[in-house]
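*Asks:*
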Amino acid sequence: MVDIYAMGLIVQKYGGSSVADAEGLKRVANRIVATKRAGHQVVVVVSAMGDTTDELIDLANQVSPLPNGRELDMLLTAGERISMALLAMAIGNLGNEARSFTGSQAGVITTSAHGRARIIDVTPSRITEALNEGAIAIVAGFQGISQDTKDVTTLGRGGSDTTAVALAAALDADVCEIYTDVDGIFSADPRVVPAAKKLKTVTYDEMLELAASGAKVLHLRCVEYARRYDMPIHVRSSFSNNEGTWVVKDHPEGGTYMEQAIIAGIAHDKSEAKITVVGVPDRTGTAARIFQAIADADINIDMIVQNVSAAATGLTDISFTMPKTEGAATTAILQRIQGEIGFQSIQYDDQIGKLSLIGAGMRSHPGVTATFFACLADAGVNIEMISTSEIRISIICRASDLENGVRAAHTAFELDAAQIEAVVYGGTGR
Ligand code: ADP
Ligand code: ASP
Ligand code: MG
Numbered sequence: 079m080v081d082i083y084a085m086g087l088i089v090q091k092y093g094g095s096s097v098a099d100a101e102g103l104k105r106v107a108n109r110i111v112a113t114k115r116a117g118h119q120v121v122v123v124v125s126a127m128g129d130t131t132d133e134l135i136d137l138a139n140q141v142s143p144l145p146n147g148r149e150l151d152m153l154l155t156a157g158e159r160i161s162m163a164l165l166a167m168a169i170g171n172l173g174n175e176a177r178s179f180t181g182s183q184a185g186v187i188t189t190s191a192h193g194r195a196r197i198i199d200v201t202p203s204r205i206t207e208a209l210n211e212g213a214i215a216i217v218a219g220f221q222g223i224s225q226d227t228k229d230v231t232t233l234g235r236g237g238s239d240t241t242a243v244a245l246a247a248a249l250d251a252d253v254c255e256i257y258t259d260v261d262g263i264f265s266a267d268p269r270v271v272p273a274a275k276k277l278k279t280v281t282y283d284e285m286l287e288l289a290a291s292g293a294k295v296l297h298l299r300c301v302e303y304a305r306r307y308d309m310p311i312h313v314r315s316s317f318s319n320n321e322g323t324w325v326v327k328d329h330p331e332g333g334t335y336m337e338q339a340i341i342a343g344i345a346h347d348k349s350e351a352k353i354t355v356v357g358v359p360d361r362t363g364t365a366a367r368i369f370q371a372i373a374d375a376d377i378n379i380d381m382i383v384q385n386v387s388a389a390a391t392g393l394t395d396i397s398f399t400m401p402k403t404e405g406a407a408t409t410a411i412l413q414r415i416q417g418e419i420g421f422q423s424i425q426y427d428d429q430i431g432k433l434s435l436i437g438a439g440m441r442s443h444p445g446v447t448a449t450f451f452a453c454l455a456d457a458g459v460n461i462e463m464i465s466t467s468e469i470r471i472s473i474i475c476r477a478s479d480l481e482n483g484v485r486a487a488h489t490a491f492e493l494d495a496a497q498i499e500a501v502v503y504g505g506t507g508r
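Under the numbering used here, read the sequence shown as residues 79 to 508, first letter to last.
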């Protein structure tokens, strides 16, 4: 385990719930100054205050049903500008120098895809300069500047985590600390499973699957980045001094982890919708044409199920899931190619939930699927779709059954803590 107190350069990221109001900003400022006074160089990445980003999106939707991507990014990045400047002032008030920087000033260079830009490069010379002059650098999370268009971009919801890890890698920091409103990464979302257990360590591979399956405690890209650069992440609460969870390459040798846990965690996700293309002619190349049209629009598909075609008709159904936010666009594409492909109809269902079990121990333990399905059956949860990877099993069920299913699986895999240890310190869970 890395000893965080023997380190030189620390990147700390504070999420929206940690800086929700003036009190929160002052509390966080105190933590930052304490780290600085302990002899470290400190770079801070900050999110917008509380639910500011959601409120700005609501505002945009009130003036336009489909806001322009460039303008929406310009609007949303204002949220982080507010918190970074206020945080720098709060630190100044404690007698330390802090300088705030926008993503662009911090050298976060991205692609030009508004709302989901990817970081191409980080050139943090102004941050290094500030550190060398003894200042604390505060960087606005979740934003950058496009290499081609020079426009301001955002990295997607939750993207401040990625800003933090990318900066940590570029600055060759010793650790990236992600401060949030829970004490670390738990065996399930503590807002849904009060008996969730805090994990001491989780591997990059497990965390990638957890994040991709809806555990929003870390942004997926930030974990990809950390794995690529082998950057240790320490996820912890800004409201307590408890040790959090370390996201690392491997579980430490000799830890009790391997013996006890086949399943590291359970993730759930209500952000997807399911489309069924009904009565598709069972001919070579049909699925390719459907999914090519969707891919051409840059829409990510998650699970796919195709049934055997009915002997009498030669027709089959294809179901797949994608983010609800892409539902309207996907339906429009399918309507456009319906005549050409000759399927019968399209069904759209946004009342689904996804439940995923994740654990490296699954590789060597047969019977996980059987236990999982049996516990869902006992809980009255009907399985609609299934997908697996080497260390994950996911199912789709009714959204209304999802939370019950999560709790049932948590109990069935003996993950429940003997005593309640999960505390949710803040945030609205929005
Ligand atoms: P921040 O604003 O600090 O970025 P987020 O809301 O993005 O915080 O992420 C923290 C939230 O993630 C927690 O409040 C919790 O509800 C949720 N969460 C989901 N799955 C997990 C998990 N396995 N462990 C901890 N938190 C989780
Ligand atoms: N403020 C942005 C959001 O709410 C980015 C972040 O908090 O990570 O998604
Ligand atoms: Mg977050």
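Glycine residues also receive a C-beta, built at the ideal position from the N, C-alpha and C atoms.
Buried or exposed for histidine 329, going by 16 or more other Cβ atoms inside 10 Å?
*Replies:* Taking the sequence shown and counting its residues from 1, one reaches residue 329 at position 251. With 16 or more Cβ atoms within 10 Å of its Cβ, histidine 329 is classed as buried.
*Asks:* Counting beta carbon pairs with one atom in the region 371 to 382 and one in the region 406 to 418, are three or more of them shorter than 8 Å?
*Replies:* Because the criterion of three Cβ pairs below 8 Å is met, the region 406 to 418 and the region 371 to 382 touch.
*Asks:* Within 10 angstroms of its Cβ, does threonine 201 collect 16 or more other Cβ (buried), or is it exposed?
*Replies:* Residue numbering aside, residue 201 sits at position 123 when the sequence shown is read from its first letter. With fewer than 16 other Cβ atoms within 10 Å, it is exposed.
*Asks:* Going by CA-CA distance only, name the one from Gly128, Ser465, Asp132, Thr240 that's closest to histidine 297.
*Replies:* The residue labelled residue 297 in the question sits at position 219 within the sequence shown. For histidine 297, the nearest C-alpha among the options comes from Thr240.
*Asks:* Within the region 124 to 191, note down every full alpha helix (DSSP H) run reaching 4 residues or more, in order along the chain.
*Replies:* Correct list: 130 to 141, 147 to 171.
*Asks:* What separation, rounded to the nearest whole angstrom, lies between the Cα atoms of alanine 195 and valine 121?
*Replies:* The residue you call residue 195 lines up with position 117 of the sequence shown. The residue you call residue 121 lines up with position 43 of the sequence shown. Cα to Cα, alanine 195 sits roughly 22 Å from valine 121.
*Asks:* Does the distance from the C-beta atom of leucine 493 to that of glycine 431 stay below 7 Å?
*Replies:* Here residue 493 refers to the residue found at position 415 when the sequence shown is read from its first residue. Here residue 431 refers to the residue found at position 353 when the sequence shown is read from its first residue. No, these two residues do not count as a Cβ contact at 7 Å.
*Asks:* Beta-carbon within less than 8 Å of threonine 206's beta-carbon, same chain only, minus the 5 sequence neighbours each way: which residues are those?
*Replies:* Taking the sequence shown and counting its residues from 1, one reaches residue 206 at position 128. So the list reads Leu249, once near-sequence residues are dropped.
*Asks:* With DSSP as the reference, label valine 89 as helix, strand or coil.
*Replies:* The count along the sequence shown starts at 1 and reaches residue 89 at position 11. Strand at valine 89.
*Asks:* Quick one: is the Cβ of glycine 236 within less than 6 Å of any heavy atom of the ligand MG?
*Replies:* One-based indexing of the sequence shown puts residue 236 at position 158. Glycine 236: yes, Cβ under 6 Å from the ligand MG.
*Asks:* Thinking C-alpha only, which one of Gly343, Val301, Glu255, Asp99 is nearest lysine 327?
*Replies:* For the purposes of this step, residue 327 is taken as the residue at position 249 of the sequence shown. With distances taken between Cα atoms, lysine 327 lies closest to Val301.
*Asks:* Should isoleucine 169 be labelled buried (16 or more other beta-carbon atoms within 10 Å of its own) or exposed?
*Replies:* Taking the sequence shown and counting its residues from 1, the one referred to as residue 169 is at position 91. So isoleucine 169 counts as buried.
*Asks:* Candidates Leu154, Thr113, Cys475, Ala116: which alpha carbon is nearest glutamate 133's?
*Replies:* Translated into positions along the sequence shown, residue 133 becomes position 55. Out of Leu154, Thr113, Cys475, Ala116, Leu154 has the C-alpha closest to the C-alpha of glutamate 133.
*Asks:* To the nearest angstrom, how far is the alpha carbon of leucine 172 from that of alanine 112?
*Replies:* Counting from 1 along the sequence shown, the entry for residue 172 is found at position 94. Counting from 1 along the sequence shown, the entry for residue 112 is found at position 34. Whole-angstrom Cα-Cα distance: 10 Å.
*Asks:* Hey, quick one: how far does the alpha helix (DSSP H) through alanine 290 stretch, first residue to last?
*Replies:* As a working mapping, residue 290 is identified with position 212 in the sequence shown. Unbroken alpha helix (DSSP H) run through alanine 290: 282 to 290.
*Asks:* Could you spell out where the alpha helix (DSSP H) holding threonine 206 opens and where it closes?
*Replies:* Numbered from its first residue, the sequence shown carries residue 206 at position 128. Where threonine 206 is concerned, the enclosing alpha helix (DSSP H) stretches over 203 to 210.
*Asks:* Output needed for tyrosine 335: all residues of its chain with C-beta closer than 6 Å, excluding positions within five of it in sequence on either side, in chain order.
*Replies:* As a first step, residue 335 must be located in the sequence shown, where it is residue number 257. Any reading at tyrosine 335 needs caution, since the residue's pLDDT is 49, under 50, leaving its predicted position unreliable; the model's value is listed next. So the qualifying residues of the chain are His329.
*Asks:* Helix, strand or coil for methionine 79, going by three-state DSSP, please let me know.
*Replies:* Taking the first residue of the sequence shown as position 1, residue 79 is located at position 1. Summary for methionine 79: the model assigns pLDDT 42, below 50, so the residue's position carries little reliability; its value from the coordinates is reported in the next sentence. The answer is coil: DSSP assigns methionine 79 none of H, G, I, E or B.
*Asks:* Please state the DSSP three-state secondary structure of glutamine 425.
*Replies:* Position 347 of the sequence shown holds residue 425. If DSSP states are grouped into helix, strand and coil, glutamine 425 belongs with the strands.
*Asks:* With 16 other CB atoms within 10 Å as the buried threshold, where does threonine 227 fall?
*Replies:* Here residue 227 refers to the residue found at position 149 of the sequence shown. By the 10 Å Cβ count, threonine 227 comes out exposed.
*Asks:* Considering only DSSP beta bridges, list what isoleucine 197 is partnered with.
*Replies:* Position 119 of the sequence shown, counted from the first residue, corresponds to residue 197. DSSP lists Thr188 as partners of isoleucine 197.
*Asks:* The ligand ADP and aspartate 512: does the residue's C-beta get closer than 6 Å to at least one heavy atom of that ligand?
*Replies:* The displayed coordinates of the chain run from 79 to 508. Any statement about residue 512 would go beyond what the structure contains.
*Asks:* My parser needs the alpha helix (DSSP H) runs of 4 or more residues fully inside the region 435 to 481; what are they?
*Replies:* Listed in chain order, the complete alpha helix (DSSP H) runs (minimum 4 residues) inside the region 435 to 481 are 446 to 456.
*Asks:* Going by Cα to Cα distance, which pick from Ile471, Leu412, Asp136, Gly219 is closest to phenylalanine 369?
*Replies:* As a first step, residue 369 is located in the sequence shown; it is residue number 291 there, counting from the start. Closest option to phenylalanine 369, Cα to Cα, is Leu412.
*Asks:* Whole-angstrom Cβ separation of alanine 98 and glycine 128, contact assumed at under 8 Å?
*Replies:* For the purposes of this step, residue 98 is identified with residue 20 of the sequence shown, where counting begins at 1. For the purposes of this step, residue 128 is identified with residue 50 of the sequence shown, where counting begins at 1. That pair is a contact at about 4 Å.
*Asks:* Residue range of the alpha helix (DSSP H) that lysine 278 falls in?
*Replies:* For the purposes of this step, residue 278 is taken as residue 200 along the sequence shown, with counting starting at 1. It is not in any alpha helix (DSSP H) - lysine 278 carries neither H nor E in the DSSP assignment.
*Asks:* Indicate the three-state DSSP secondary structure (helix, strand or coil) for histidine 118 in the structure shown.
*Replies:* For the purposes of this step, residue 118 is taken as the residue at position 40 of the sequence shown. Residue state, collapsed to three classes: coil.
*Asks:* Answer yes or no: the CB of glycine 157 versus the heavy atoms of the ligand GTP, is any distance below 6 Å?
*Replies:* As for the ligand GTP, it is missing from this structure, which binds only the ligand ADP, the ligand ASP and the ligand MG.
*Asks:* Does the ligand ASP have even one heavy atom less than 6 Å from the beta-carbon of glycine 222?
*Replies:* Translated into the one-based positions of the sequence shown, residue 222 becomes position 144. It does not: the Cβ of glycine 222 is nowhere closer than 6 Å to a heavy atom of the ligand ASP.
*Asks:* For the beta strand (DSSP E) holding leucine 296, just list the boundary residues, first then last.
*Replies:* Against the sequence shown, residue 296 aligns to sequence position 218. Leucine 296 -> no beta strand (DSSP E), and no H or E assigned at all.
*Asks:* Spell out the partners DSSP gives glutamate 302 in its beta bridges.
*Replies:* The residue you call residue 302 lines up with position 224 of the sequence shown. According to DSSP, which records beta bridges pairwise, glutamate 302 is partnered with nothing at all.
*Asks:* For a test of the three-state rule: what should DSSP assign to glycine 264, helix, strand or coil?
*Replies:* Within the sequence shown, the letter at position 186 stands for residue 264. Note on identity: in this sequence residue 264 is phenylalanine, with glycine being the wrong assignment. Note: phenylalanine 264 maps to strand in three-state DSSP.
*Asks:* Looking only at C-alpha atoms, which of Ile419, Gly86, Met309, Ala390 sits nearest to alanine 244?
*Replies:* For the purposes of this step, residue 244 is identified with residue 166 of the sequence shown, where counting begins at 1. The option with the nearest alpha carbon to alanine 244 is Met309.
*Asks:* For the candidate residues Gly237, Ser315, Val253, His346, whose alpha-carbon lies nearest to that of glutamine 287?
*Replies:* Taking the first residue of the sequence shown as 1, we reach residue 287 at position 209. Sequence check: residue 287 is glutamate here, not glutamine. Considering only alpha carbons, the answer is His346.
*Asks:* Can glycine 93 be considered in contact with the ligand MG, in the sense that its beta carbon sits closer than 6 Å to one or more heavy atoms?
*Replies:* Translated into the one-based positions of the sequence shown, residue 93 becomes position 15. Glycine 93 Cβ: within cutoff of the ligand MG.
*Asks:* Using 8 Å for Cβ pairs, my map puts histidine 192 next to arginine 235. What's the rounded Cβ distance?
*Replies:* As a first step, residue 192 is located in the sequence shown; it is residue number 114 there, counting from the start. As a first step, residue 235 is located in the sequence shown; it is residue number 157 there, counting from the start. At roughly 13 Å, the Cβ-Cβ gap does not stay under 8 Å, so histidine 192 and arginine 235 are not in contact.
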